[in-house]
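Residues -20 to -1, 1 to 573 in mature numbering (1 follows the signal peptide of the UniProt record, and there is no 0) are what the sequence shown spells out, letter by letter.
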Amino acid sequence: MKKLAIVAACIAAFPSPASADRAQPPAATPGPIIVDGRARVDSRMPDQMTPAQRAAYRRIFTLIRGNQFAAAAAALNTMPSNGLLTGTGWAELWLAAGSPSASAGALSGWLSTNIALPQAERIAALAHRAGVQDVPALPPRRGLQRVGGAGREKPRPARADAATAAFAAHVRPLLMANRVAEAADLLERTSLDSESRTQWTQRIAWAWYNAGDDRRALVLAQKAAGDGGEWSAMANWVAGLSAFRSRQYALAARYFSSVASNAHSGDLAAAGHFWAARAFIASGRPDLVSPRLRSAARHVDSFYGLLARRSLGIEPPPRTPKPDFLLADWKHVDQLPGARRAAALVEIGELGLADRELRHLAMIGPAQNHVALTYLAAKLNLPATQFWLSHNAPAGVTPPIFSRYPAPEWAPSRGWRVDRSLVYAHALQESRFVTDARSHAGARGVMQLMPGTARQIAGTSSLPSDESSLADPSFNIEFGQTYLEELRDSPWTGGLLPKVIAAYNAGPGSVKKWNEELRDGNDPLLFIESIPFVETRHYVEVVLRNYWMYQQGDGADAESLDALAQGMWPRFPGLSGQSAIRVDPVRPVASAN
């Protein structure tokens, strides 16, 4: 890894104004786990079922999904009552919509041997309704704590009274129509409580910044900068950006330092520290840069934390082993029927049920096995499950940081052409690897492709674009990487990685508009922070963060991280020529008064 001297890195970072039955599974015979729509994965743990058992259970679940309940029941009656997936099969049959009601005796018998299954709570409810008197107690479920996951969270909206609600109803249309002066005038004429005034002062100051009027943005943001609270921290952020863009670097450093001191999230604190360092070096105070970078660097998996670490020449966080499930790990959990059921369910393609088993086991099983469960999810090619387990853990348990970045053994239908780490960086933010994810706007699958975009790509590539194909990772990722290639080649992104990522989220037309309107002086970080859409700003930073973490986990050189730490534009990976370029400012970075 490159070592960047502190001052040199910081100076370079600015576009300078001047420049069940345990006997059933075969003995430890490693074999492949086959997951429908996914790559073949070499397994280093024993198969849970024989080929005949897999075929029988696969047929049973297919019958249940096809509402052929009588045939499914007949098939289940031929399986051993203590078979590894027999209890799961009966539960899914009885819980299926439209299936015949189970007898009280059948429900009672099921509960006596399957009380630890994730379906047990619903089966117990059926048993109560059927008149079963002695329903066994369900296993106690522990609460799980949220672990990790840096993100620049939005401030909580101020509690709105009637006056604030009426003001908001009038001011929002003005801001949407870019009638900022009218919005500011309305704010001056309206009596609001302190917190609401701070919130709306920040929002209108941000609107002035988006309009390119740094002077008005700075003046208004300063009014809320000292109020305290989350919205005040964001007002300091607007003041800092406005001062920085108008070359008032000492003033910018002051406001960014205030952001760092009062931030409501670790990611925002890291951003405040890093931008304060930028402003200090630009104002001729390199002696104040290193402490700010060190403070930002403490946030090891945040966008600005990673930039700060690279600027300081700090090596990446120690590489704990990537989620790599070994036979030794299997010995931690193979005594837990839920783990064996999950593995067996994956063998027959029932991924949703396998996910449910592992999540349930995380809440009822031994806490000391949680990390092993996370690794098991990775080995079973259940990236959405792995992500959930890595972020939800028993008290006192912290899964390794790299387990938060699943890398399933999937492959696009026509092979990898785009850096896999970059594609997965998008997939993680888009869907958290939920294969059937669907947004409110209708985007589908792990890469969240709109059906229209998929049809357009399919028209030139002979790929299927029906709904089932968009739920298959091999096709969805193929569509996603093809779209990334199109955006890479767009004249509006110029092959610059931050602009390609922004275009993936907001569309290439938005990037074209921002190229014309954003007064970023060709500073890549100022471009990112000046994007008007909060979702897209966050998206670009998180996808880049994800990309760098994937690369660090693989031991790869993060060239785009080096580039941004030096104030250069990283180019899309794989392009010929230089991996990064420095673009001279196209106009002075001065206030649009």
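Idealized CB from N, CA, C, for every residue including glycine.
By the Cβ neighbour-count rule, residue 440 is exposed, with fewer than 16 other Cβ atoms within 10 Å of its own. Contact between the segment 59 to 68 and the segment 321 to 329 is present, with at least three C-beta pairs closer than 8 Å.
Classified as exposed, residue 118 has fewer than 16 neighbouring CB atoms from the shown chains inside 10 Å of its CB. Take the alpha-carbon of residue 277 and the one of residue 294: they are about 9 Å apart. Take residue 59, set aside five residues on each side of it, and the residues of its chain with a beta-carbon closer than 7 Å to its own are 36 and 66, in chain order.
Taking the Cα of residue 376 as reference, the smallest distance to any Cα among 384, 366 and 347 is reached at 347.
Following the DSSP letters along the chain, one finds residue 113 in no alpha helix (DSSP H), marked with neither H nor E. A straight-line Cα-Cα distance of about 16 Å links residue 57 and residue 34. Looking at 261, 265 and 238, the one whose alpha-carbon comes closest to that of residue 252 is 238. In terms of Cβ geometry, residue 73 and residue 52 form a close pair [threshold 9 Å].
A Cβ-Cβ distance of about 6 Å is found for the pair residue 366 and residue 354, placing them in contact under the 8 Å criterion. The three-state reading of DSSP puts residue 136 in coil, since its state is none of H, G, I, E or B. Non-local C-beta neighbours of residue 101 in its own chain, meaning closer than 8 Å and more than five positions away in sequence, comprise 118, ordered along the chain. Cβ-Cβ separation between residue 152 and residue 210: approximately 20 Å, too far for a contact (criterion under 8 Å). Residue nearest to residue 272 within the set 263, 280, 254 and 45 is 254 (criterion: CA-CA distance).
Excluding sequence positions up to five before and after residue 408, its CB lies within less than 6 Å of the CB of 526, all in the same chain and listed in chain order.
Within the same chain, Cβ atoms closer than 7 Å to the Cβ of residue 512 are found at 190, the five residues on either side in sequence being excluded.
Shown here, residue 560 sits in a strand according to DSSP, grouped into three states.
Relative to the Cα of residue 207, the nearest Cα in the group 188, 176 and 105 belongs to 176. Pairing residue 195 with residue 510 gives a Cβ-Cβ distance that is not under 9 Å. When DSSP states are grouped into helix, strand and coil, residue 505 belongs to the helix group. At the C-beta level, residue 218 and residue 185 come within 9 Å of one another. Beta bridge pairing from DSSP links residue 126 with 372. In the structure shown, residue 225 falls within a helical segment according to DSSP collapsed to helix, strand and coil.
Around the beta carbon of residue 90, a 10 Å sphere encloses 16 or more other beta carbons of the protein chains shown; the residue is thus reported as buried. Within the segment 130 to 210, the runs of alpha helix (DSSP H) that reach at least 4 residues and sit entirely inside it are, in chain order, 142 to 156, 160 to 169, 174 to 190 and 194 to 204.
With contacts defined as CB atoms closer than 9 Å, residue 229 and residue 260 qualify as a contacting pair. Sequence-distant Cβ neighbours of residue 458 in its own chain, meaning closer than 7 Å and more than five residues away, are 392, 393, 394 and 443. Between residue 401 and residue 542, the CB-CB gap reaches or exceeds 9 Å. Beta-bridge annotation (DSSP): residue 549 is paired with 561. Taking the Cα of residue 30 as reference, the smallest distance to any Cα among 327, 385 and 410 is reached at 327. Secondary structure at residue 429: strand, using DSSP grouped into helix, strand and coil.
Looking at the backbone, the Cα of residue 221 and that of residue 199 are separated by about 12 Å. Partner residues in the beta bridge of residue 424, as assigned by DSSP, are 418 and 429. Secondary structure of residue 248 (DSSP, three-state): helix.
With a cutoff of 9 Å on beta-carbon distance, residue 540 and residue 555 are scored as not near each other.
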